[in-house]
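Visitor: Counting with our numbering, you get residues 774 to 1046 for the letters of the sequence shown. The beta carbon of each residue, even a glycine, is placed where N, CA and C say it ideally should be. So that we are looking at the same thing, I have put the structure below in structure tokens.
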Amino acid sequence: MIAAGAKSLLGLSIASPIGVSDINPRSVGVVRCCVSMEGSQTMSHNKNGSIPELKSINGHTGQKQGPLSTVGNSTNIKWQECSVEKVDRQRLLNQKGCVIWVTGLSGSGKSTVACALNQMLYQKGKLGYILDGDNVRHGLNRDLSFKAEDRAENIRRVGEVAKLFADAGIICIASLISPYRVDRDTCRSLLPEGDFVEVFMDVPLEVCEARDPKGLYKLARAGKIKGFTGIDDPYEPPLNCEIALGHQETGTSPMEMAATVVGYLEKKGYLQA
Ligand SMILES: Nc1ncnc2c1ncn2[C@@H]1O[C@H](COP(=O)(O)OS(=O)(=O)O)[C@@H](OP(=O)(O)O)[C@H]1O
Ligand SMILES: Nc1ncnc2c1ncn2[C@@H]1O[C@H](COP(=O)(O)OP(=O)(O)O)[C@@H](O)[C@H]1O
């Protein structure tokens, strides 16, 4: 009964062009559920992204097959495929998913340029999402301190989340101090060649310290914060980043810096599917 109802609903959706606001999320949920019970069809989008059409399920047949894996401490797990893939999502968004990794000292302007970049992308009709170190530490990474191994775990988790965002077709802007080269390089290695764009905020410590918008350098100099990056904790600048910001040629205002990154993305074809 449910399957029959869903089928006619699905038929309706195919026959008539629909806008996003016409979609009832509950109905879509039913359609997905019932189609997958039938095990042969799922929804995708035409090249113009407007009218849903059918394409056969090639990954999620409902049959239990393929080898089980062990990854870390996770035993007997199996990678699940779905026939709606990254390329479909990218076509929908008319962009390519990637990670813009902004690294630099506290106060170097990471969050400011991340926000300017996100605004600029939005104005161009492109979907970005910011993963900011300070913000992620309010939730997902609230259990982590600033000792070296916790910073490494912070970067590892954000790298994995950023990879998921890129797979979703989104331009993910990760903005973290990420002081260790090896941790940044590990994040880079999670993504296909070219999809990880390392942006270095090349701003001297003296400038960051003079800005000190949160008063953290003052506290660190007074010994009230221990292990503060640049004061009594290391920062390893990138050796081969894609973009270094803070120089005359890449612009010195946040908007000029963001424009430099947008220019790079345009040149590399990330702002089209
Ligand atoms: N000890 C120490 N060292 C550096 N930064 C500190 C520290 N303690 C707190 N803070 C605040 O945490 C923000 C940096 O968090 P991140 O997650 O980006 O750091 S890291 O990548 O794990 O090194 C950082 O934010 P930004 O100033 O935006 O960089 C600070 O507000
Ligand atoms: N390009 C810039 N030129 C001058 N000041 C800037 C620039 N970018 C950011 N700032 C200022 O520097 C301070 C730190 O910027 P913020 O983006 O919070 O740095 P971070 O995220 O690296 O800690 C803020 O007061 C901000 O207004």
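Can at least three beta-carbon pairs, one atom from the segment 842-851 and one from the segment 948-959, be found at a separation below 8 angstroms?
Guide: no
Visitor: Under the three-state reduction of DSSP, which class applies to V857: helix, strand or coil?
Guide: coil
Visitor: Using the rule of at least 16 other Cβ atoms within 10 Å of the residue's Cβ for burial, across every protein chain shown, is G880 buried or exposed?
Guide: Per the 10 Å Cβ criterion, buried.
Visitor: Return yes when the Cβ of C945 is within less than 8 angstroms of the Cβ of V872, no when it is not.
Guide: yes
Visitor: Just to be sure I understand the criterion: a residue counts if its Cβ is closer than 5 angstroms to at least one heavy atom of ligand 2. Which residues meet that?
Guide: Listed along the chain, these residues meet the criterion: S879, G880, S881, G882, K883, S884, T885, R984, P986 and P1027.
Visitor: In the structure shown, what three-state DSSP assignment does T848 receive?
Guide: strand
Visitor: Assign C855 to one of two classes, buried (16 or more other C-beta atoms within 10 Å of its C-beta) or exposed (fewer than that).
Guide: exposed
Visitor: Where E926 and L866 are concerned, what is the direct C-alpha to C-alpha distance, given to the nearest angstrom?
Guide: 31 angstroms
Visitor: Could you give the distance in angstroms between the alpha-carbon of D985 and the alpha-carbon of H1020?
Guide: 20 angstroms
Visitor: Do F1001 and L989 have their C-beta atoms closer together than 8 angstroms?
Guide: yes
Visitor: On the DSSP letters alone, give me the boundaries of the beta strand (DSSP E) that F969 sits inside.
Guide: Where F969 is concerned, the enclosing beta strand (DSSP E) stretches over F969 to M974.
Visitor: At which residues does the beta strand (DSSP E) containing I1104 begin and terminate?
Guide: The question about residue 1104 has no answer, for the chain in this structure spans 774 to 1046.
Visitor: Is I950 near ligand 1 - that is, is its Cβ less than 7 angstroms away from at least one heavy atom of it?
Guide: yes
Visitor: Given this structure, state the Cα-to-Cα distance separating L1044 from R930, to the nearest angstrom.
Guide: 26 angstroms
Visitor: Do you know offhand how far G832's Cα is from G839's?
Guide: Model confidence at G832 stands at a pLDDT of 49, short of 50, so the residue's coordinates are unreliable; what they give is reported in the following sentence. Straight-line Cα distance between these residues: approximately 11 angstroms.
Visitor: Could you tell me whether any non-hydrogen atom of ligand 1 is closer than 7 angstroms to the CB of I946?
Guide: no
Visitor: Starting from the C-beta of P1007, find all residues in its chain whose C-beta is less than 7 angstroms away, skip the five residues before and the five after it, and write them out in chain order.
Guide: P952
Visitor: Is E1015 near V970, with beta carbons less than 8 angstroms apart?
Guide: yes
Visitor: Just list the residues that DSSP pairs V886 with in beta bridges.
Guide: Note: V886 sits in no beta bridge, so no partner.
Visitor: If we call anything under 8 angstroms between Cβ atoms a contact, is D909 one with L1018?
Guide: It should be noted that the sequence gives Val, not Asp, for residue 909. Not a contact, by the Cβ cut-off of 8 angstroms.
Visitor: Nearest-angstrom Cα distance between G932 and S962?
Guide: Answer to the nearest angstrom: the Cα atoms are 10 angstroms apart.
Visitor: Look at the Cβ atom of I998, then the Cβ atom of R957, and state whether they are nearer than 8 angstroms.
Guide: no
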